Each structure stands twice: as structure tokens, then as C-alpha cells.
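Okay, so here's the structure we're looking at.
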Ligand SMILES: NC(=O)c1ccc[n+]([C@@H]2O[C@H](COP(=O)([O-])OP(=O)(O)OC[C@H]3O[C@@H](n4cnc5c(N)ncnc54)[C@H](O)[C@@H]3O)[C@@H](O)[C@H]2O)c1
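Numbering (my numbering), first residue to last: 881 to 1149.
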């Protein structure tokens, strides 16, 4: 049980893979939750939680739902590479609705950004959180846009944000790339608790969303110290079984974004 007095948390994307896990984990910690998604919530509602079905494209409904909330955990939207027109509504317009709600409520935004916002960095590099955005598709581009929108809302309106550039948040790593990119569910849940209970950020913070994967590390400095978060799990123990699980595709293997970089890749040189 977390001791810090809290306003309710709004969690978008609650019916998705990470949303369901976080709803459960945060309810166990005693947080009051307003869950939302365009899809019905598939699990029994956790204690202290309500669920409202809202499309992120509906700004008025989102404003209403965010009333009284102190944090918006924004995990909703298109979560894989899709054509631009499919990404546009949920990930760009929806994001604007989230930030307008945060501005009105004086709430903090915790944005599920992605490694695909920097996917065209080469795996031979180690990059810090202030590296260039190098999105590897329309999805990654929407995440870079989200981080920039958050910065604009801080400088113009004082809305604090945490941008978590999530690597691969799944129960267990399944290929060689995830020896670097894997983020365990418990590490993510602990990080989210820190983003909620840390009193003042004084701006926007970027966090590399990966566990303590020391055998293969692409990502360096970030804002974790201020949040008091350090990952406890690691993909290292999976190296024996996964090190050989590579795609064989040169574009996929060269860049951090992996297979997303290779989607419709048409560069000749
Ligand atoms: N799982 C990962 O490894 C990973 C990696 C990087 C980033 N992320 C980000 O984390 C977030 C959650 O990821 P996930 O794996 O749970 O994805 P997911 O696809 O399981 O969940 C996304 C949820 O958003 C909802 N959604 C889509 N369009 C919507 C709309 N118009 N209005 C309201 N809700 C809508 C979907 O119904 C779904 O439940 C996403 O933003 C994703 O981009 C996840």
C-alpha cells in the first residue's frame, strides 16, 4: 500500500496488455483508478476502479472523465506500426485530448512512448535520453510527436510529463533483440508507481523502459534518479536460449527498432 495521498488516476488503454496489468498492480497498491478504453475491460473490475468506454478521438468525453484526476497514465491508442491514417486519430488527436484534459486538471501525464521513436539508431551505439528522435515508422513518429507535445505543454502550461520509451514489455523475452529491449511487467509497474507518487518533477523526464539488461545495453542516461526507480529484473538469464534467435534480415538487425525499421524499407544505399 502506497502512503502518498492521491487524487484518482486516469488510465487510458486499460483494456490492452499493459493497461490490464497496470490496473491490477495499481489497484493492489490502493490507488483509486478511472479506467478507460474503446474496447470493453475484459477482466473483473479491480477494487477502487471504475471503467468508462471512451474513444480517444472524443475530446469532450475525455475531459469529463479526467475531472478530479491527478495523473493521466496514457497507454491507449495504436500500439503497432500501421498506415498513417490509422495512427492519426488515436495517437495524435487523442494525445491532444489527453494533454488538454491534463492542462485543465493540473494533472501529470505519464506517456507510454516507445523505442520506435528512436528506432533508427544503430545497435552499435549507446544513446542517452537526449538523443535525436529517429522514428522508424508512423507509429514511432506519433510517439516522438507525443514527447514533443508534452514539452510544449510544460513550457506553455506547466503540465509535467514522464515519457517512458518502452522497449519490449511482455511477460518474457522471446528473441535476441529483447536481450536489450525487454522490460518486465513488475519493473514497469514499479516505475509507474514512482511516476505517480514522486511529488515534483519540474518539467518532463524521459525514461528508458528496459529492465536491467546488462549483457546487451543500448540505452544510457535518463531521468530515473529523480523518480527513484531502478529496474530489478533482467533479460540476461535468457541469453543462452535467445542469443541465436535473430531474424537474418540486415535492416532489422542493424537498428534498435528491429523489424519495424524493415517495414516498407525502400532505401537503396
Ligand atoms: N507492450 C510493449 O512492449 C510496448 C512497447 C512500446 C510502447 N508501448 C506502448 O504502451 C501502450 C500500451 O501497449 P499495449 O502493449 O498494452 O498495447 P495494446 O494494443 O494491447 O493496448 C492499447 C489499447 O488502446 C486501445 N485503443 C486503441 N485505439 C483507441 C481509441 N481510439 N480510443 C481509446 N482506446 C483505444 C485499444 O483498444 C487497446 O486496448 C501503447 O501506447 C503502446 O504504444 C508498448
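No residue lacks a Cβ here, since even glycine has one placed at the ideal position from N, Cα and C. Just so we're clear, the structure is a prediction, and the values are computed from it rather than from any experiment.
Look at the beta carbons and you see the segment 974-989 not touching the segment 1004-1013: under three pairs across the two are nearer than 8 angstroms. If you look at residue 915, you'll find it in the beta strand (DSSP E) that goes 913-917.
Distances taken from the Cβ of residue 898 to the heavy atoms of ligand 1 include one shorter than 6 angstroms.
Using a cutoff of 6 angstroms, the CB of residue 915 does not count as near ligand 1, since none of the ligand's heavy atoms is closer than that. Annotation for residue 1139: 1127, 1132 place their beta carbon closer than 7 angstroms to its own, counting only its chain and skipping 5 residues before and after.
Along the length of the segment 917-977, whole alpha helix (DSSP H) runs at least 4 residues long occupy 939-945, 964-967, reported in chain order. Listed in chain order, the non-local C-beta contacts of residue 1118 below 6 angstroms within the same chain comprise 1053, local neighbours out to five positions each way being set aside. Of 1087, 1093, 928, the smallest CA-CA separation from residue 1008 is found for 1087.
Considered as a whole, the segment 1003-1084 harbours 1018-1037, 1058-1061, 1065-1077 as its complete alpha helix (DSSP H) runs of no fewer than 4 residues, in chain order.
CA-CA distance, residue 1004 to residue 1136, rounds to 9 angstroms.
Annotation for residue 1013 indicates a beta carbon at 6 angstroms or more from all heavy atoms of ligand 1. If one requires a minimum length of 4 residues, the alpha helix (DSSP H) runs lying completely within the segment 1105-1146 are 1119-1122, 1130-1134, 1139-1142, in chain order. If you look at residue 1097, you'll find it isn't in any alpha helix (DSSP H); DSSP assigns it neither H nor E. Per DSSP, the beta bridge partners of residue 988 are 951. Listed in chain order, the non-local C-beta contacts of residue 989 below 7 angstroms within the same chain comprise 952, 954, 978, 979, 982, 1030, 1039, 1041, local neighbours out to five positions each way being set aside. Look at residue 938: its beta carbon is at least 6 angstroms from all of the heavy atoms in ligand 1. By the neighbour-count criterion, in which 16 or more other beta carbons inside 10 Å mark a residue as buried, residue 1056 falls on the buried side. The alpha-carbon separation between residue 1034 and residue 1147 amounts to approximately 37 angstroms. Within 6 angstroms of the C-beta of residue 970 there is at least one heavy atom belonging to ligand 1.
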